[in-house]
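Student: Residue numbers (our numbering), protein chains in the order written: chain A, 2 to 416; chain B, 2 to 416.
2 protein chains.
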Amino acid sequence: MDIDTQRLQRDIEANAEFGAISTDEGHGRTLLTGSDADERARNRFVERLEDAGLDVRVDAVGNVAGRWVSESADPNQAPVAAGSHLDSVPQGGIFDGPLGVYAALEAVRALQESDVDPDCPVEVVSFTEEEGARYGVGLLGSSIAAGLRPLEDALELTDDDGTSLETHLDSIGYRGSGHLDAGKWDAWLELHIEQGTTLEEAGTPIGVVDAVTGITNCRVEIEGKADHAGATPMIDRTDALAAASEFVLDVERAAHEVVALDSETAVATVGELSLAPNARNVVPGHISLSMDVRDVDYEAINELIHRSESSLARLDSERSVETSLARYRDQEPIHMSDRCVAAVRDAAVTSDLNHLDMHSAAMHDTANIASLTDAVLIFVPSEDGLSHNPHEFTSWDDCAAGARVLAGAITQLTT
Amino acid sequence: MDIDTQRLQRDIEANAEFGAISTDEGHGRTLLTGSDADERARNRFVERLEDAGLDVRVDAVGNVAGRWVSESADPNQAPVAAGSHLDSVPQGGIFDGPLGVYAALEAVRALQESDVDPDCPVEVVSFTEEEGARYGVGLLGSSIAAGLRPLEDALELTDDDGTSLETHLDSIGYRGSGHLDAGKWDAWLELHIEQGTTLEEAGTPIGVVDAVTGITNCRVEIEGKADHAGATPMIDRTDALAAASEFVLDVERAAHEVVALDSETAVATVGELSLAPNARNVVPGHISLSMDVRDVDYEAINELIHRSESSLARLDSERSVETSLARYRDQEPIHMSDRCVAAVRDAAVTSDLNHLDMHSAAMHDTANIASLTDAVLIFVPSEDGLSHNPHEFTSWDDCAAGARVLAGAITQLTT
């Protein structure tokens with residue numbers, strides 16, 4: 002399969018002009034859903050789809066799909082779809098999202114220029130508001146496509162100024178109609194930069210993602226007793242920070258044990274913590290902290306939460322604090338379809354590209370789509386693991402390698 | 002010695018009107034140095050000193066002293082002085098400071114009405130800016146009286162609006178002249194509310210303070226490595242919060258051991274801690290925390306700092322963090338004079354009042370004065386240990402008991 006590296010590069014670089022931000026180095030952009038930059042990026046994407054002969058439609062939440070029905074294809078067959086998103090975080094990079102969108106288009110162009118005869122349509126898709134940077138809810142367009150959220154809820158979401166997604170989509174002319182229904186797709190593929198260093202460190206251009214880790218978030222409160230740091234003898238203290246310190250170390254120890262015994266990919270993090278009153282001369286009275294637990298094995302996640310709860314119960318008893326743990330977010334791991342994973346592996350082998358089976362610790366639209374159809378995620382290396390950063394960079398050769406594997410996998414799935 | 006409880010109560014309640022704040026319960030006040038409220042409080046204090054026949058002078062930093070030379074006294078003898086301060090923290094209470102000032106005046110009035118013949122003058126003193134609430138430096142007036150700070154430095158201190166202490170004192174008419182020199186006093190006594198619950202819990206009205214604890218403050222920095230909470234395996238982390246958690250527990254353990262083995266009054270507190278980046282999904286990269294160590298035994302303080310440094314060295318080695326400890330404040334313990342302590346104890350016994358030998362964990366003007374003359378601090382109970390709070394309360398009987406012991410001790414020291 003011949004990928005035109007320069008054509009792909011031109012598409013991504015042209016897209017990078019929309020919302021471009023000036024930085025000393027790098028090529029950052031800020032592309033928020035519903036902004037002028039978004040309108041221009043979408044307009045160009047639609048043009049490029051139409052240039053390649055695809056039929057474009059925009060659904061009610063602004064998801065854009067270009068459909069290619071080759072002469073060989075039965076238009077009534079379920080299509081194979083591929084893509085990603087065009088929006089970015091504020092001061093983000095130019096690859097996170099657009100690579101997957103334009104590589105999908107490049108894959109279709111490569112198929113058109115090859116002697117492959119797909120027997121079903123192929124769709125190139127860009128989902129609305131993947132980053133959640135404007136309305137606070139990520140993976141939004143794909144959640145509508147997957148039927149995981151009512152359309153009305155999404156359209157009513159507002160940004161910090163109180164303006165709704167619906168108003169923004171109207172204003173840029175991208176509030177379409179109908180429902181891009183991922184349930185009608187035969188398969189879904191997404192190419193994305195890794196946002197980690199696994200591939201870079203392994204010197205491997207292709208990551209075959211067989212699972213997206215589950216994520217559980219908990220809010221932990223620890224109530225002790227605020228007291229004067231000078232006047233309160235050690236024996237009379239109920240120090241919430243000392244209790245929280247034991248908890249942090251218990252969580253760390255539990256994670257290491259679960260890694261050793263149950264699931265080597267498990268991670269647990271206390272990343273955010275606040276004290277009250279947080280004053281030099283006051284024994285801490287209250288701690289609020291967040292815990293983030295992830296793994297591809299849901300049982301391992303549950304084991305870590307269980308051990309965290311046991312730690313808190315021990316602290317209640319041994320340190321006379323009052324603790325609570327609220328598991329406010331619980332997203333089970335998502336496993337990719339064997340058929341799609343095999344297609345990607347085969348495509349890498351056929352293209353003579355080394356590949357690595359891996360999981361994704363970050364969420365992607367694919368996680369939503371995988372809930373109702375066969376799906377797979379493909380990673381390419383990101384320099385220093387950077388993303389959400391103007392210095393995010395993937396070499397054009399790696400971009401092309403990803404597009405080549407994507408095109409190969411689409412070929413396998415459509416023929 | 003006859004203390005007029007109602008007269009003392011009227012003085013404290015009248016003083017409480019200046020800067021009074023409305024609260025649901027309690028009788029709070031905000032009396033900042035140089036404010037209108039301060040001017041009126043000082044004017045009334047001067048009137049009350051003059052009503053009692055004392056000669057009033059105001060020194061260059063606004064310290065006010067009323068001098069009583071009884072017929073029996075040699076005016077050339079070094080005086081015995083007593084007092085406290087009239088300023089408050091924002092939304093403070095009515096006893097913290099004014100009790101010591103007006104009880105000293107009440108003690109002089111009681112002496113005048115008794116058959117005691119002091120052989121030296123007695124001075125009633127109110128120090129400027131004890132709380133440090135306006136210019137950020139506490140114990141200010143007493144530090145000038147004790148010669149611990151140049152007058153010019155104090156006058157040049159500015160509040161948040163950039164106005165200097167000198168300007169404020171000028172504007173309220175209390176920038177006097179000369180130097181109230183505590184080095185010329187034979188002895189100094191201060192009555193104060195406890196700001197703790199030791200006396201209340203013991204059911205004892207009088208605390209004889211034989212030492213003010215030393216205080217050491219340290220700033221500890223712990224540098225780890227911020228990493229994605231999902232993408233970074235447990236084994237690859239350099240988690241600054243986990244390291245800080247070990248440190249907090251090491252400090253707590255060391256304090257308990259020092260209490261058990263070396264000095265039962267030692268305390269160590271990590272009261273303030275901040276994380277960077279402090280995000281749910283990021284392994285903490287940097288921790289900054291403060292440590293507060295206090296004791297009446299300076300060697301115990303040094304031992305706790307030494308153990309803290311050992312803990313950090315261990316963490317550098319075992320967790321590959323980079324740590325630093327800066328001991329930015331170091332105030333040695335201050336011991337009261339045996340002669341003054343004995344006078345207070347005797348006065349309590351003579352008045353048939355139970356007393357408790359104790360130390361003060363909070364700083365007071367007396368700590369400055371004790372550096373150059375014999376001094377003692379007397380505590381009375383404060384309900385629930387509250388201070389710096391509109392609900393601060395000491396019963397009028399306890400106020401009078403404190404004034405009675407103060408008058409008795411002054412009698413002992415002047416006859």
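Ideal placement from N, C-alpha and C gives every residue a C-beta, glycine not left out.
Since we're looking at a predicted model, the values are computed, not measured.
My guess is that Val-213 (chain A) and His-365 (chain A) are in contact by the Cβ rule of under 8 Å, so how many angstroms apart are they, rounded?
Tutor: 7 Å between Cβ atoms; contact.
Student: Going by DSSP, name the residue or residues bridged to Glu-185 (chain A).
Tutor: The question names Glu, but residue 185 (chain A) is Lys in the sequence shown. DSSP output for Lys-185 (chain A) lists no bridge partner at all.
Student: Taking the CB atoms as reference points, tell me whether Gly-67 (chain B) and Ser-85 (chain B) lie closer together than 8 Å.
Tutor: Going by C-beta atoms, Gly-67 (chain B) is not nearer than 8 Å to Ser-85 (chain B).
Student: Output the residue ranges of the alpha helix (DSSP H) runs that lie fully inside the segment 301–361 of chain A and measure 4 residues or longer, sorted by chain position.
Tutor: If we require 4 residues or more, the alpha helix (DSSP H) runs fully inside the segment 301–361 of chain A come out as 339–351.
Student: Give me the Cβ distance between Val-259 (chain B) and Ala-203 (chain B), rounded to the nearest whole Å; I'm assuming they're in contact under 8 Å.
Tutor: Contact doesn't hold; Cβ gap of about 24 Å is too wide.
Student: What is the residue span of the alpha helix (DSSP H) that Asn-279 (chain B) lies within?
Tutor: Unbroken run through Asn-279 (chain B): none, as it is neither H nor E.
Student: From the beta carbon of Met-235 (chain A), is the nearest beta carbon of chain B less than 8 Å away?
Tutor: Yes, contact with chain B.
Student: Per the contact definition of three or more C-beta pairs closer than 8 Å, is the segment 373–383 of chain B in contact with the segment 172–191 of chain B?
Tutor: Flag = yes, the segment 172–191 of chain B and the segment 373–383 of chain B touch.
Student: Just checking my contact of Lys-185 (chain B) with Ala-79 (chain B) at CB under 8 Å: how many whole Å lie between their CB atoms?
Tutor: Confirmed, about 6 Å.
Student: Taking the alpha-carbon of Pro-122 (chain A) as reference, which of A:Glu-130, A:Leu-141, A:Val-70, A:Ser-165 has the nearest alpha-carbon?
Tutor: For the residues A:Glu-130, A:Leu-141, A:Val-70, A:Ser-165, the minimum Cα distance to Pro-122 (chain A) belongs to A:Val-70.
Student: For Ala-147 (chain A), which of A:Thr-416, A:Trp-397, A:Thr-367 has the nearest alpha-carbon?
Tutor: Closest option to Ala-147 (chain A), Cα to Cα, is A:Thr-367.
Student: Starting from the beta carbon of Glu-393 (chain A), find every residue of chain B whose beta carbon is closer than 7 Å, and list them in chain order.
Tutor: The contacting residues do not exist; Glu-393 (chain A) stays about 14 Å from chain B at best.
Student: Between which two residues does the alpha helix (DSSP H) carrying Ser-372 (chain B) extend?
Tutor: Where Ser-372 (chain B) is concerned, there is no enclosing alpha helix (DSSP H), given that its DSSP letter is neither H nor E.
Student: Is Leu-200 (chain B) helix, strand or coil when you go by DSSP?
Tutor: Three-state result, Leu-200 (chain B): helix.
Student: The beta strand (DSSP E) that contains Asp-293 (chain A), what's its start and end?
Tutor: Its beta strand (DSSP E) spans residues 287–296.
Student: By how many angstroms is the C-alpha of Ser-321 (chain A) removed from the C-alpha of Ser-143 (chain B)?
Tutor: So the alpha carbons of these two residues sit roughly 42 Å apart.
Student: Could you give the uninterrupted runs of the beta strand (DSSP E) lying entirely in the segment 88–173 of chain A, keeping only those of 3 residues or more?
Tutor: Listed in chain order, the complete beta strand (DSSP E) runs (minimum 3 residues) inside the segment 88–173 of chain A are 123–128.
Student: What separation, rounded to the nearest whole angstrom, lies between the Cα atoms of His-360 (chain A) and Val-210 (chain A)?
Tutor: If you take the alpha carbons of His-360 (chain A) and Val-210 (chain A), they lie about 5 Å apart.
Student: What residue range is occupied by the uninterrupted beta strand (DSSP E) comprising Ile-236 (chain A)?
Tutor: Run containing Ile-236 (chain A): none; DSSP gives neither H nor E here.
Student: Given that a residue counts as buried once 16 or more other Cβ atoms are within 10 Å of its Cβ, and exposed if not, what is Val-4 (chain A)?
Tutor: Here residue 4 (chain A) turns out to be Ile, not Val, going by the sequence shown. Buried is the call here.
Student: Quick one: using the 10 Å Cβ neighbour count with 16 as the cut-off for buried, is Gly-179 (chain B) buried or exposed?
Tutor: Gly-179 (chain B) should be labelled exposed.
Student: Cβ-heavy atom distance between Asp-60 (chain A) and the ligand NAP below 7 Å?
Tutor: Annotation note on the ligand NAP: not contained in the displayed structure, which lists no ligands.
Student: Count the other CB atoms, across all protein chains shown, that sit within 10 Å of the CB of Thr-24 (chain B); report buried if there are 16 or more and exposed otherwise.
Tutor: Thr-24 (chain B) is exposed by the Cβ-count criterion.
Student: Return the first residue and the last residue of the beta strand (DSSP E) that Asn-218 (chain A) is part of.
Tutor: Per DSSP, Asn-218 (chain A) belongs to the beta strand (DSSP E) from 215–224.
Student: Applying the 10 Å Cβ sphere with the 16-neighbour rule, what's the burial state of Gly-225 (chain B)?
Tutor: Buried.
Student: For Ala-230 (chain B), which residues from the same chain have a beta carbon less than 8 Å from its beta carbon, with the 5 sequence-adjacent residues on both sides left out?
Tutor: Around Ala-230 (chain B): Arg-281, Asn-282, Val-283, Val-284.
Student: Run the CB neighbour count on Asp-88 (chain A), radius 10 Å, all protein chains shown included, and call it buried at 16 or more, exposed below.
Tutor: That one is buried.
Student: What are the residues of the segment 201–231 of chain B that lie near chain A, defined by any Cβ-Cβ distance shorter than 8 Å?
Tutor: If the cut-off is 8 Å between Cβ atoms, the segment 201–231 of chain B has Thr-214, Ile-216, Asn-218, His-229, Ala-230, Gly-231 near chain A.
Student: Would you tell me roughly how many angstroms separate the C-alpha atoms of Glu-40 (chain B) and Glu-323 (chain A), rounded to the nearest one?
Tutor: Near 47 Å, if we compare the C-alpha coordinates of Glu-323 (chain A) and Glu-40 (chain B).
Student: Any beta-carbon of chain B closer than 8 Å to the one on His-257 (chain A)?
Tutor: Output row for His-257 (chain A): interface = yes.
Student: Does the beta carbon of Glu-273 (chain B) sit closer than 8 Å to a beta carbon anywhere in chain A?
Tutor: Closer than 8 Å: yes.
Student: Between Phe-82 (chain B) and the rest of its own chain, which residues show a CB-CB distance below 7 Å, the 5 nearest in sequence each way excluded?
Tutor: According to the sequence as given, residue 82 (chain B) is Ala; it is not Phe. Glu-124, Val-126, Trp-186, Trp-189.
Student: Relative to the C-alpha of Ser-291 (chain A), which residue among B:Ser-372, B:Glu-51, B:Leu-242 is closest?
Tutor: Among B:Ser-372, B:Glu-51, B:Leu-242, the Cα nearest to that of Ser-291 (chain A) is on B:Leu-242.
Student: For Pro-119 (chain B) versus Thr-351 (chain B), is the C-beta distance shorter than 8 Å?
Tutor: Against a cut-off of 8 Å, the Cβ pair of Thr-351 (chain B) and Pro-119 (chain B) comes out as no contact.
Student: Quick test of your reading: Phe-19 (chain A) and Thr-395 (chain A), contact by CB under 8 Å. State the CB separation rounded to the nearest angstrom.
Tutor: The Cβ separation is near 19 Å, so there is no contact.
Student: Taking the alpha helix (DSSP H) that Ser-246 (chain B) belongs to, which residues open and close that run?
Tutor: Here the alpha helix (DSSP H) through Ser-246 (chain B) covers 241–262.
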